[in-house]
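Numbering (this note's numbering), first residue to last: 5 to 244. Scroll down for the structure; my scribbles are underneath it.
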């Protein structure tokens with residue numbers, strides 16, 4: 005836990021933290037579904053092409069993460085003190101940044117080598133399809149913004165920010181929280197196959213460990229941004 009967190013308001017209890025997190029996520033998804041329904045029509049929500057529709061992905065990511073983040077910030081403010089401190093949004097130290105970047109690069113290199121060695125696609129087909137759809141629809145800049153900036157901020161504020169703050173109340177509770185948040189974080193990426201979900205679980209473990217060791221949600225947001233940037237560049241190159 006960072007010094008800012010120590011000096012801030014005490015966290016919500018574990019049941020309340022989990023309930024608020026579910027509420028924030030659910031509200032975000034509900035607003036995104038309503039927006040998609042208004043944009044594409046109700047029947048489109050069940051369409052098989054929806055996960056690879058570039059415009060739909062942009063709308064879902066932007067709307068869901070905005071509502072989710074606002075809900076979490078309000079919950080932190082209701083608890084008292086500054087939401088910035090509650091969520092662990094500080095300026096990470098240079099050493100922490102270097103260790104974090106090096107750890108992430110090592111994980112990505114190992115994952116890519118293992119993927120290629122196993123004869124699997126380096127970039128999942130769903131990502132290529134989404135990219136090509138966004139290019140055809142003229143929304144590639146918005147897709148970049150949604151995937152590289154918005155999604156990492158929203159996901160890390162939820163898992164390694166709010167949930168971690170409320171559930172990792174001691175060093176004893178940190179490891180179960182790291183594993184739980186990584187597990188749920190991975191399962192939510194339903195657009196990927198089991199190998200992709202397993203890799204995302206590994207990323208979640210690394211980000212959770214770094215959040216615990218440094219006390220900085222800002223650091224893991226930065227690393228998540230770099231990870232998504234690397235994945236988006238790979239997708240661009242593979243999609244032609």
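Just so it is clear, CB atoms sit at the ideal spot from N, CA and C, and this is done for glycine as well.
Taking all protein chains shown into account, residue 176 has fewer than 16 neighbouring C-beta atoms within 10 Å of its C-beta and is therefore exposed. Excluding its 5 nearest sequence neighbours in each direction, residue 130 has C-beta neighbours in its own chain below 8 Å: 55, 56, 195, 196, listed in chain order.
DSSP, read as helix, strand or coil, puts residue 195 in coil. The shortest C-alpha to C-alpha distance from residue 225 to any of 142, 104, 143, 118 is the one to 104.
Of the candidates 40, 21, 101, the residue whose Cα lies closest to the Cα of residue 78 is 21.
Your pair residue 223 and residue 96 checks out as a contact, with CB atoms roughly 4 Å apart and the cut at 8 Å. With a threshold of 16 other beta carbon atoms within 10 Å, residue 174 falls short and is exposed.
Of 230, 167, 158, the smallest CA-CA separation from residue 16 is found for 167.
In the DSSP annotation of this structure, residue 174 is not part of any alpha helix (DSSP H), being labelled neither H nor E. DSSP places residue 125 outside both helix and strand once states are collapsed to three, so it counts as coil. Per DSSP, the continuous alpha helix (DSSP H) segment holding residue 18 begins and ends at 18-44. The region 66-76 makes no contact with the region 99-113; the number of CB pairs closer than 8 Å stays below 3. Residue 154: not part of any alpha helix (DSSP H); DSSP gives it neither H nor E. Rounded to whole angstroms, the separation of the alpha carbons of residue 240 and residue 39 is 27 Å. C-alpha of residue 19 to C-alpha of residue 136: approximately 42 Å in a straight line. Of 36, 80, 76, the smallest CA-CA separation from residue 59 is found for 36. In the three-state scheme derived from DSSP, where H, G and I count as helix and E and B as strand, residue 220 is classed as coil. By the Cβ rule, the region 133-153 does not count as touching the region 199-217, because fewer than three pairs are nearer than 8 Å. DSSP, read as helix, strand or coil, puts residue 207 in helix.
Residues 69, 189, 228 of the same chain have their beta carbon placed closer than 8 Å to that of residue 159, with the five preceding and five following residues left out of the count. A direct Cα-Cα distance of roughly 12 Å separates residue 218 from residue 165.
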